[in-house]
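Trainee: Got a structure for you, questions after.
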Amino acid sequence: DAGVIQSPRHEVTEMGQEVTLRCKPISGHNSLFWYRQTMMRGLELLIYFNNNVPIDDSGMPEDRFSAKMPNASFSTLKIQPSEPRDSAVYFCASSWGGSNTEAFFGQGTRLTVV
Amino acid sequence: AQSVTQLGSHVSVSEGALVLLRCNYSSSVPPYLFWYVQYPNQGLQLLLKYTSAATLVKGINDFEAEFKKSETSFHLTKPSAHMSDAAEYFCAVSDYAVDKVIFGPGTSLSVIP
Chain V
3 DAGVIQSPRH EVTEMGQEVT LRCKPISGHN SLFWYRQTMM RGLELLIYFN NNVPIDDSGM
63 PEDRFSAKMP NASFSTLKIQ PSEPRDSAVY FCASSWGGSN TEAFFGQGTR LTVV
Chain G
70 AQSVTQLGSH VSVSEGALVL LRCNYSSSVP PYLFWYVQYP NQGLQLLLKY TSAATLVKGI
130 NDFEAEFKKS ETSFHLTKPS AHMSDAAEYF CAVSDYAVDK VIFGPGTSLS VIP
């Protein structure tokens with residue numbers, strides 16, 4: 003397996019634009035996580051899906067952020083409209099059994115909003 | 070509520086010296102504890118995991134960690150640092166009561182030749 007695949011690796015966008023980040027989890031994994039990493043706030047869990055259903059979205063900052071998982075092999079994180087404070091590295095991770103099992107991380111998407 | 074603290078945001082050791090990275094946690098039920106490593110421009114990778122089977126857990130690259138319930142600690146050690154160990158290290162906690170993993174703030178390890 004190629005591991006968790008995220009695209010794009012880098013994204014630069016202007017404030018107010020819509021941004022969509024994509025993730026393909028490891029085949030067979032039933033849990034998917036979106037994290038945001040910044041120097042100031044560290045690694046924050048944004049949303050957690052189990053069997054394609056959102057289980058915990060308490061970390062989603064505000065209504066500008068939305069995430070979907072239409073099937074077991076694909077998820078998106080959308081920011082609309084984007085703001086400079088959204089600049090961060092966004093990681094997708096997957097596991098075979100929820101939060102208590104090893105999470106496999108993608109390489110991340112570095113988002114810069116100017 | 071679960072929480073994780075990592076003492077020391079930055080640790081420097083000489084090559085060949087002992088590595089000790091500290092982690093303390095709080096959890097109302099028996100926890101699962103993890104150490105992850107992040108190399109520059111990479112995602113996190115699991116080093117080792119505690120699941121109550123044994124208090125001393127061995128991981129990859131000669132890292133190990135000891136679970137001490139009385140001290141609520143899960144410190145990470147390696148007998149001899151290698152240059153390739155320079156990275157960011159994260160301690161994390163989860164449990165059955167709350168299906169959520171909480172990461173600590175991370176410790177950046179530098180290895181001096």
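Keeping their order, the protein sequence lines are chains V and G. Heads up: the first sequence runs through residues 3 to 116, numbered per the numbering used here. Heads up: the second sequence runs through residues 70 to 182, numbered per the numbering used here. A virtual CB, placed ideally from N, CA and C, is assigned to each residue, including glycine.
Which one or two residues does DSSP pair with R112(V) in a beta bridge?
Mentor: The residue given as residue 112(V) occupies position 110 in the first sequence. H12(V) and V91(V), per the DSSP bridge assignment.
Trainee: Is it right to say I181(G) is buried, meaning 16 or more other beta carbons lie within 10 angstroms of its own, or is it exposed?
Mentor: Against the second sequence, residue 181(G) aligns to sequence position 112. Exposed.
Trainee: Taking contact to mean 3 or more Cβ pairs, one atom from each stretch, closer than 8 angstroms, check whether the stretch 81 to 94 of chain G and the stretch 107 to 114 of chain V are in contact.
Mentor: No, the stretch 81 to 94 of chain G is not in contact with the stretch 107 to 114 of chain V.
Trainee: In chain G, which residues lie with their C-beta within 8 angstroms of the C-beta of I57(V)?
Mentor: Locating residue 57(V) in the first sequence gives position 55, counting from the first residue. Those are D168, listed as they occur along chain G.
Trainee: Are the C-beta atoms of S163(G) and some chain V residue less than 7 angstroms apart?
Mentor: Within the second sequence, residue 163(G) is the residue found at index 94, counting from 1. At least one chain V Cβ lies under 7 angstroms of S163(G).
Trainee: Specify the secondary structure class of I129(G) as computed by DSSP and reduced to three states.
Mentor: The count along the second sequence starts at 1 and reaches residue 129(G) at position 60. I129(G) falls in the helix class under three-state DSSP.
Trainee: Could you tell me which residues DSSP pairs with T176(G) in its beta bridges?
Mentor: Walking along the second sequence from the start, residue 176(G) turns up at place 107. According to DSSP, which records beta bridges pairwise, T176(G) is partnered with Y158(G).
Trainee: Measuring straight from C-alpha to C-alpha, what distance separates V106(G) and D59(V)?
Mentor: Start at 1 with the first residue of the second sequence, and residue 106(G) comes out as number 37. Start at 1 with the first residue of the first sequence, and residue 59(V) comes out as number 57. Those two C-alpha atoms are separated by around 25 angstroms.
Trainee: Which of helix, strand or coil does DSSP assign to S96(V)?
Mentor: Position 94 of the first sequence, counted from the start, is the residue given in the question as residue 96(V). Here S96(V) sits in strand by DSSP.
Trainee: Which residues in chain V have a C-beta closer than 8 angstroms to the C-beta of S178(G)? List them in chain order.
Mentor: Residue 178(G) sits at position 109 when you count from the first residue of the second sequence. The residue asked about is misnamed: residue 178(G) is Leu in this sequence, not Ser. Those do not exist, as L178(G) stays about 16 angstroms from chain V at its closest Cβ, beyond 8 angstroms.
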